[in-house]
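Working notes, structure below.
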Amino acid sequence: MSGGGLGRVVRSGVGRRRVQTVVMTLTTLLAVTASVLAVGLLVASSAPFARAFSRQHGAHLAAQFDAGKVTAEQLAATAHAAGVTAAAGPFPTVDLRPRTATAHPDGPPAGLDLPSMTIVGRPDPGSDVDRLDLTAGRWATGPGEMVWAAGESPFEIGDEFTFPGAPGAPKVKLVGLARSVGRTGQLWASPATVAALTGPGGGGFQMLYRFTNAATDADVNADRAVIEGAVPPGALLGTASYLLVKHDAERVAATFAPFVVAFGVLGLAMSVLIIGIVVSGAVSSATRRIGILKALGYTPAQVARAYVGQALVPATIGALIGIPLGNLAAIPVLREEGDAFGTGTATLDWWVSVVVPLAALAAVVATAFVPALRAGRLRTVDALAVGRTPSAGHGGSRGRAARHLLGRLPLPRPMSLGLASPFTRPGRSATIAAAVALGALGVTFGVGLALSVGGVQTALNRRHAGDVMVFLEGGQGVHISRPGAPDPPTPDPAAVEAAIKAQPGTARYFRSGFGEVTVAGITGTMDLVTFDGDASWGTYEIISGRWFNGPGEAVVPSAFLDAAGVKIGDTLTLGSEGRTVTVRIVGEVLDLSSDGRRVITDLRSVAGLNFRDTSGGGEYHVDLAGGTDVKAYTAALNATIEGKGGHAEVNIGEISSTVVAMDTLAGTLTLLLVAVAGLGVLNTVVLDTRERVHELGVFKALGMAPRQTVAMVLTSVAGIGLLAGLVGVPAGIVLHDWVLPQMGHAAGTRFPAHILRVYDVPLLVPLALGGLVIALAGALLPAGWAARTSTARALRTE
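All residue numbers for the sequence shown refer to this note's numbering, where the first residue is -9 and numbers rise by one.
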């Protein structure tokens, strides 16, 4: 037969089987969409910092210089120092404390002095080194305009704030948000704006460098020494290495990796399975037509090519639509992921949009070719017979036996017929079960992940216990100051504490402080968190052991135990300025701060040290009596402690960008998995009802009502869905219980048992019914089609 004849067969098959064509198009569309998103996320989660650093040409070293000791010309010359491959600057800088001028219900109040920040003068976001990613708004070009570091701004675009310490206390407006992959600045403005904010004898310069060798701390330190030697003594004030930011980003990425891989593999497996179900079902349902083609002289190879072509046409349409949909679905997900990594919004690699749809079409070809060729090799008479009597053979006998047995149950006849239907084609029923089980697995895993991640966020928030937090100057670096008023006096912790104790509504409180100590046997300093007062009601989340009961005891994070090679019950020798004290580890707590290099203890434990609290007095955690209005209490307390260097805030906890990103990812991928599973059920039920349309006509002729027809079709998948759900839910729990510890290990912590055990009975019941819901949802449309088909039309159809 000619190629034109094959073309007519392909066009005829696509046009004649409109329902299957639409289903195949939708299936491929969703499969490609899910796969593009899954593969894109897998790629984006691999070395995100390195990719963003390369894209934005990040700085290996950001250096701050004293403008009084070095000139701009001298700094420009450092761009040619040994080992420097590129440099940007010098950019003028000034350190100032912003004061809020706009108040928001969820933001800082007007008149609040924020911590001192470095403002960098850059003419535009582009540069040979450290190209800024403008995430919102626009760049600051005019006078009185600024751009804030994305994710750190307490303001909204358009808000105004002032700089009381600058000449004339000017007011500026926030016009944009930008991200530096190396976190080289907090605020940016035009060089002219920075010059106007700089008082006599103030200001500095920033230089950004890239080096030939900067892979290790030793490399960066050697490069720093070269730069320091190229400028006058004392001109270099400080530097920041990109390796610190890289470490943070890679740790977050490693936390994402286990569950992104799990969802990615699930999505790819589901896509391949559903494509196989749809394509093989379409070919198997056309066995009789294949017999007709053979009778007309078509060879087995021509028959196979014709049915591969019929599958490729809708699959190609679906793949082409799925490419942009996958990219669109990735935009919000990658934005959240970029915020969590601190690397900015990434884009899907171009090759993902090429390789994934080609792989999907290759799966269509492979899936369609084998059954089509097998059917094409049947004798013409056999193909015609099989096509006309699809239930013949062992499947038909099993179906009749099942109907006979189930007919004895005290069930309406349509339901017993529906329950027996899966036994007619056990292979097809198994594919439905597999699709639904994977969907139920994905839902179970996604729900459990969201609950566990939320539990981690709640547990981390316990580090900031209390209904109200009271900060002292030096800790948070904030104090209330009104325009025109003199600077407040040095904070008086005793006066602030007395005010808290005397404030009506105070139930209990304690103070926490912060500093650094050395720990014998461990290189470098460790963070020390001290608690003064009864903190038993505001303890960190305990993983194992217990909270300290008094001086001489301490708790530490999981990462500390692992890094130091110690365990609960061991002692630590803490040192500061030549003195030492000993504490015993009594508990392991959940804390991800400072890579776990942290010891938490009673303030009295370090009474023998020359310990200096670097938090400027620390912060107070206040728990209120029942019925106390939190906002009214906070306002009244602020009025009392305003002149004492304190500031009270309602404790709203924190919402981690990592948690938001994980929830977004889990929700998006779970919905896609459920949609793909539902389409697999839809296609299979469409095939089954079309093959049984003559039988349906007989039932209708015998008096089966449309409602009974719908019940029969839905019942045919209900048992499969229920059983598949009962299989998928335990599998999802096993996957959750494997992935969560892996995520914790990547983050440097273990999790308390209650964060892992989130599947209680009230949750397991709806999850177990999830497979039933997926199956019924997928079968609803073909059930309606079967109910609407007239008796005469059904009896005429073969």
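Note that the Cβ used here is the ideal one computed from N, Cα and C, for glycine as well.
Since the model is a prediction, treat every value here as computed from it, not as a measurement.
Query: The segment 609 to 626 in contact with the segment 509 to 517 per 3-pair CB rule at 8 Å; Result: no
Query: Backbone CA spacing between alanine 737 and arginine 453 [nearest angstrom]; Result: 17 Å
Query: Endpoints, beta strand (DSSP E) assigned at methionine 136; Result: 135 to 139
Query: N-terminal and C-terminal residue of the alpha helix (DSSP H) that proline 696 is part of; Result: 696 to 737
Query: Alanine 777 versus valine 751: straight-line alpha-carbon distance, rounded; Result: 37 Å
Query: Three-way DSSP call (helix, strand, coil) for valine 556 in this model; Result: coil
Query: Assigned secondary structure, glycine 383 (DSSP; H/G/I helix, E/B strand, else coil); Result: At glycine 383 the pLDDT is 43, less than 50, meaning the model places this residue with poor confidence; the figure from the coordinates comes in the next sentence. Looking at glycine 383 - three-state DSSP - the assignment turns out to be coil, as it is neither helix nor strand.
Query: Three-state class that DSSP yields for lysine 163 in the structure shown; Result: strand
Query: Local conformation of alanine 77 per DSSP, three classes; Result: strand
Query: Per DSSP, the bridge partner or partners of tryptophan 537; Result: None; tryptophan 537 has no bridge partner.
Query: Span separating the alpha-carbon of serine 231 from that of glycine 73; Result: 16 Å
Query: Beta-carbon proximity of glycine 657 to glycine 436, cut-off 8 Å; Result: yes
Query: Cα-Cα separation, valine 507 to aspartate 552; Result: 19 Å
Query: C-beta atoms of leucine 795 and alanine 28 nearer than 8 Å; Result: Since the first residue of the chain shown is -9 and the last is 788, residue 795 is not available in this structure.
Query: Residue from Val298, Trp340, Arg121 and Gly312 whose Cα sits closest to the Cα of valine 360; Result: Val298
Query: Through-space distance from serine 25 to isoleucine 764, alpha-carbon basis; Result: 20 Å
Query: Cβ-Cβ distance between glycine 539 and glutamate 567 below 8 Å; Result: Reading off the sequence shown, one finds asparagine at residue 539, where the question assumed glycine. Going by C-beta atoms, asparagine 539 is not nearer than 8 Å to glutamate 567.
Query: Cα-Cα separation between glutamine 46 and leucine 122, rounded to whole angstroms; Result: 7 Å
Query: Spatial distance of glycine 194 from valine 460 (CA atoms); Result: 34 Å
Query: Valine 446 versus threonine 83: straight-line alpha-carbon distance, rounded; Result: 39 Å
Query: Nonlocal neighbours in the same chain, by C-beta distance under 6 Å from valine 486, ignoring five residues either side; Result: Ile631, Lys634 and Gly636
Query: Where threonine 529 falls: helix, strand or coil (DSSP); Result: coil
Query: Same chain only: Cβ atoms within 7 Å of alanine 667, ignoring 5 sequence neighbours per side; Result: Met260, Ala425, Val426, Leu428, Gly429 and Ile764
Query: Cut-off 7 Å between Cβ atoms - residues of its own chain near tryptophan 537, not counting five sequence neighbours on either side; Result: Ser526, Thr529, Val545 and Gly577
Query: Segment limits, beta strand (DSSP E) that includes leucine 518; Result: 515 to 522
Query: Per-residue DSSP class, three states only, for histidine 50; Result: coil
Query: Which listed residue (Pro416, Ile642, Ala352 and Ala301) has its alpha carbon closest to that of alanine 455; Result: Ile642
Query: Leucine 302 to valine 345 span [Cα, whole Å]; Result: 16 Å
Query: Inter-residue spacing [alpha-carbon to alpha-carbon] between histidine 50 and glycine 111; Result: 20 Å
Query: Rounded distance between the beta-carbons of proline 80 and glutamine 196, thought under 8 Å; Result: 7 Å
Query: Rounded separation between tryptophan 728 and glycine 734 - CA only; Result: 11 Å
Query: Contact set for arginine 594: own chain, Cβ-Cβ below 6 Å, skip 5 residues either direction; Result: Pro541
Query: Aspartate 149 versus leucine 766: straight-line alpha-carbon distance, rounded; Result: 51 Å
Query: Check whether valine 748 and leucine 441 have beta carbons under 8 Å apart; Result: yes
Query: Tryptophan 178: first and last residue of the uninterrupted beta strand (DSSP E) it sits in; Result: 177 to 179
Query: Integer Cβ distance of alanine 801 from proline 742, believed to fall under 8 Å; Result: Here the chain covers residues -9 to 788 and nothing more, so residue 801 does not appear.
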